[in-house]
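Taking it in order: structure first as structure tokens, then the write-up.
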Ligand SMILES: *Cc1c(COP(=O)(O)O)cnc(C)c1O
């Protein structure tokens, strides 16, 4: 008999009833160190007092307002994002997938309004993940996501990751945009080297192509800068954001330059919940905290410490690990064992990690994880690795 919840997830039998900072507590009172953050969502940890205050203060005033009316919380968050990024304008969504939908629509409408309605092609790269809607799975093209779901939304060109010749060959008169994650998340914590992102920007400028960055997982402080593309010193035309921006409240956004957004006039897009006052009040508290240069300095310091200790862990378990990769607090342990086995051994040692493609176990701890918690994380990962060695 089918379960009351549609059985699309392979869930671990863990029953968490409470979260506190970097900790998740199960129904027996056992405390798990959370190095997954709900896949880079709980950027400031669980039940963060500042976020709880922002949410409850707003909850006592007004929960929902239609976008038929002005929403001051939305304007405040948009203004803050415009102040601290390349963007001139922001549309709020409830998820990364919806941000992908709008990014695709925005790029195509841009060229339509420029009198080039055939210019609809969007180039994407193997291993990418942009969500699970019809447009987002078409963008990925991965068989495990598209198989069985009927005709795909046309206009996506799938290229091998890191293949310059294929990229140049794919660009033509109908190329509207390039869509890429500065650090692939689901694809296995694969950072795009700075010079590649700079090269993409240059290529887009030369050919008049829009550059869309998906920073749903790598954005909002995760790499030690507010957004990952800042490391390369270039800016996109359109950027997708979600996950960390709500700190656990469902919130996403598309940020864009005035030029790239020029087609999105009244009536071209909308969302009932997008930019909801609760989400925007929390998002504002998240961005206020994470965009603080001192906070980002701290993220980089903690990331350096975690990375150094992980290198030690890898050296201590050469049969389990092959290496560490990633940026900031978006790190991947490349495994010689099945990543799912290490994640499971982690559960037994009360430490939460997340598997990804390419034999990677992801570490995406809250950005405010403490030094003591980093030390404890290494102890528990060491226990997990040891249990696989002796198994
Ligand atoms: C998670 C993710 C998405 C999809 O976001 P949802 O909120 O699950 O819809 C899109 N892109 C990237 C890079 C992601 O990690």
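Residue numbers (the numbering used here): 266 to 656.
Glycine included, C-beta positions come from ideal geometry on N, C-alpha and C.
Go to residue 376, then tell me how far its alpha helix (DSSP H) extends in each direction, as first and last residue. Secondary structure note for residue 376: its alpha helix (DSSP H) is the uninterrupted segment 361-378.
Cβ contact (3+ pairs, closer than 8 Å) linking the segment 386-393 and the segment 552-564: no
With three or more beta-carbon pairs closer than 8 Å as the criterion, would you say the segment 366-382 touches the segment 523-536? yes
To the nearest angstrom, how far is the alpha carbon of residue 625 from that of residue 418? 30 Å
Residue 405 to residue 481 span [Cα, whole Å]: 15 Å
Taking contact to mean at least 3 C-beta pairs separated by less than 8 Å, is the segment 277-290 in contact with the segment 485-493? no
Quick one: what's got a C-beta closer than 6 Å to residue 658's C-beta in the same chain, skipping five residues either side? Residue numbering for the chain in the displayed model covers 266 to 656; residue 658 lies beyond these limits and cannot be assessed.
Proximity test, residue 621 beta-carbon vs ligand 1 heavy atom, cut-off 7 Å: no
Using the three-state DSSP reduction, which class does residue 496 fall into: helix, strand or coil? helix
Is the CB-CB distance between residue 585 and residue 608 below 8 Å? No; because the gap between Cβ atoms is not below 8 Å, this pair is not in contact.
Say yes only if the C-beta of residue 508 is nearer than 7 Å to one or more non-hydrogen atoms of ligand 1, and no if none qualify. yes
Proximity to residue 403 [Cα-Cα], best of 543, 301, 538, 421: 421
Heavy atom of ligand 1 within 7 Å of residue 618 beta-carbon: no
From which residue to which residue does the alpha helix (DSSP H) around residue 560 run? 558-581
Taking the Cβ atom as the reference point for each residue, do residue 477 and residue 444 lie within a distance shorter than 8 Å? yes
What would DSSP say about residue 589, mapped onto helix, strand or coil? strand
Residue 599 bridges to which residues according to DSSP? Residue 599 is bridged to 588, 625.
Considering only residues of the segment 431-478, which uninterrupted beta strand (DSSP E) runs meet the minimum length of 3 residues and lie entirely inside it, listed in chain order? 440-445
Just mark residue 466 as buried or exposed, buried being the case when its beta carbon has 16 or more other beta carbons within 10 Å. buried
Distance, Cα to Cα, residue 460 vs residue 479? 18 Å
Contact test: residue 361 Cβ vs ligand 1 heavy atom, cutoff 7 Å: Distance from the C-beta of residue 361 to the nearest heavy atom of ligand 1 is below 7 Å.
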